[in-house]
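Asker: Residue numbers (the numbering used here): 62 to 344.
1. For the alpha helix (DSSP H) containing residue 102, name the first residue and the last one.
2. May I ask you to verify whether the region 331 to 342 touches the region 63 to 83, counting CB pairs closer than 8 angstroms and requiring at least 3?
3. Return helix, strand or coil for residue 79, following the three-state DSSP convention.
4. Pull up the distance between the alpha-carbon of residue 149 and that of residue 113, whole angstroms please.
5. Can you tell me where the alpha helix (DSSP H) with residue 2 in it begins and where it stops?
6. In whole angstroms, what is the alpha-carbon distance linking residue 250 and residue 237?
7. Specify, as a first and last residue, the run of the alpha helix (DSSP H) that residue 268 falls within.
8. Once DSSP output is grouped into helix, strand and coil, what is the label at residue 202?
9. Hey, would you say residue 155 sits closer than 7 angstroms to residue 146, going by beta carbons?
10. Count the other CB atoms, across all protein chains shown, that sit within 10 Å of the CB of residue 163; report buried if there are 16 or more and exposed otherwise.
11. Quick one: what's residue 157 bridged to in DSSP?
12. Quick check on DSSP: helix, strand or coil for residue 162?
13. Using 8 angstroms as the Cβ pair cut-off and three pairs as the minimum, do the region 115 to 129 and the region 66 to 77 touch?
14. Under a three-way DSSP split, which group does residue 150 fall into?
15. Which residues does DSSP list as the beta-bridge partners of residue 67?
16. Is there contact between the region 97 to 104 and the region 165 to 172, where contact requires at least three CB pairs shorter than 8 angstroms?
17. Looking only at C-alpha atoms, which of 141, 295, 206 and 212 sits nearest to residue 274?
18. Can you tell me which of the three DSSP states residue 332 falls into?
19. What first and last residue would you give for the beta strand (DSSP E) that runs through residue 184?
20. Quick one: grab the DSSP three-state call for residue 293.
21. Among the residues of its own chain, which have a CB less than 6 angstroms from the CB of residue 118, if the five just before and after it don't count?
22. Rounded to a whole number of angstroms, what is the C-alpha to C-alpha distance between residue 126 and residue 175?
23. Near residue 220, which residues of its chain fall below 7 angstroms by C-beta distance, leaving aside the five closest residues on each side in sequence?
24. Look up residue 213 in the DSSP assignment and say whether it is helix, strand or coil.
25. List the whole-angstrom C-beta distance separating residue 281 from residue 321, where the pair is believed to meet the contact cut-off of C-beta under 8 angstroms.
26. Any contact between the region 133 to 143 and the region 177 to 187? By contact I mean 3 or more CB pairs, one from each, below 8 angstroms.
27. Going by the DSSP bridge assignment, what does residue 194 pair with across the sheet?
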C-alpha cells in the first residue's frame, strides 16, 4: 500500500506527514501553529495534500469532537471552530478521508499489533497538551462511544481540580487543573506567544504544577481501575515534557497495575494512530 497523508490537528500545532502502512513516517510535510479558523485549517490540509503528492487517502487526528464529515461539534479550547468543517470541501467524495479523535489515535498507535495475544490486550492513552483527551483500545477495538466522544478524560472530575472552572463550563474537571491552557491562565501567561513553564522560578511554578500532577495522577488511578489495562501511556506536548515525571511519581494504585509510560511514538503518536486507523480500519 502507498503512503497516506496523516494530519494531527491539536490545540497548539497542526502537523502533517506522509505515513506508510508500517507506521513509518516517510516525509514530514510541516508543522505550523493551529490556524485561527476552521476555514484556514481546511485550506492548510488541502495545501498539505498537494505538497504530499495528492495521495489517495487522508487520515486526520483531531483534538475537537467532529462528526464524520469533519464538522466540529464541540471544541471548548477553540470555540471559533464550532459548527465549521475542518476538511477541504473539494476533497470530500474524491478521496478516502478518515477522521478520529487525536487521543484515540494515540491509543491506537500505542497498542501492540504483533501477535494475536498482544492484540487482545488493553491500552489506555491520555494526551496532555493545550487540552486533555483520552483513548482506549480493548481487544484491538477502539472505544468510540455513542457519538464518537468516548474517553473525554479531560472532563473527569478529580479532587485536585475542586473549585476550578473548566473551559467546558463545568467545575472540577481534570482539564481545569492540568491542561496547558489552564496552567497559562493560572500563571497569568494566557497571552504569551511562547511559554515554558519550567523556565519560571520554582517558587512560582511548583505549586501550580504540583496540583496539576495530583489531578493527573488521580485521573490515571480512575482509568486504571476502570480498564485494568496492560499499559497506560501519556503523550501530548505537556505530557511528554518533564511534567510526565511529576505525574508518574504521584501515581499509586494497588493490584500490580502498570505505571504510566511516555508514549513510544512521542510527538508522532496521533499521526501514526490516524494512519493505522485508515490503513487497518480498526476504529
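By construction, the Cβ of each residue, glycine as well, lies at the ideal position given by its N, Cα and C atoms. Since we're looking at a predicted model, the values are computed, not measured.
Answerer: Quick answer:
1. According to the DSSP assignment, residue 102 belongs to the alpha helix (DSSP H) that extends over 99 to 112.
2. A contact exists between the region 331 to 342 and the region 63 to 83.
3. Strand at residue 79.
4. Here the alpha carbon of residue 149 sits roughly 15 angstroms from the alpha carbon of residue 113.
5. Nothing in the structure corresponds to residue 2, since the chain is present only between 62 and 344.
6. Their Cα atoms are separated by approximately 15 angstroms.
7. Secondary structure note for residue 268: its alpha helix (DSSP H) is the uninterrupted segment 263 to 288.
8. Here residue 202 carries a strand assignment [DSSP, helix/strand/coil].
9. Residue 146 is positioned such that its CB atom lies no closer than 7 angstroms to that of residue 155.
10. Counting Cβ neighbours within 10 Å, residue 163 comes out buried, since at least 16 surround it.
11. Paired residue(s): 118.
12. In the three-state DSSP reduction, residue 162 falls in the strand class (E or B).
13. Taking a cut-off of 8 angstroms on C-beta distances, the region 115 to 129 touches the region 66 to 77, as three or more cross pairs fall below it.
14. Coil at residue 150, not helix or strand.
15. Partner(s): 78 and 120.
16. The region 165 to 172 and the region 97 to 104 do not touch, with fewer than three beta-carbon pairs separated by less than 8 angstroms.
17. Residue nearest to residue 274 within the set 141, 295, 206 and 212 is 295 (criterion: CA-CA distance).
18. In this structure, DSSP gives residue 332 a helical state, which the three-state scheme calls helix.
19. Per DSSP, the continuous beta strand (DSSP E) segment holding residue 184 begins and ends at 183 to 189.
20. Looking at residue 293 - three-state DSSP - the assignment turns out to be strand.
21. Contacts found: 65, 157 and 339.
22. Straight through space, the alpha carbons of residue 175 and residue 126 are spaced by roughly 30 angstroms.
23. If we look at residue 220 and ignore the five residues flanking it on each side, its Cβ neighbours are 279.
24. Coil, per DSSP.
25. The beta-carbon separation of residue 281 and residue 321, rounded to 6 angstroms, stays under the 8 angstroms limit for a contact.
26. Fewer than three pairs of CB atoms, one per stretch, sit closer than 8 angstroms, so the region 133 to 143 makes no contact with the region 177 to 187.
27. Beta-bridge analysis with DSSP links residue 194 to 188.
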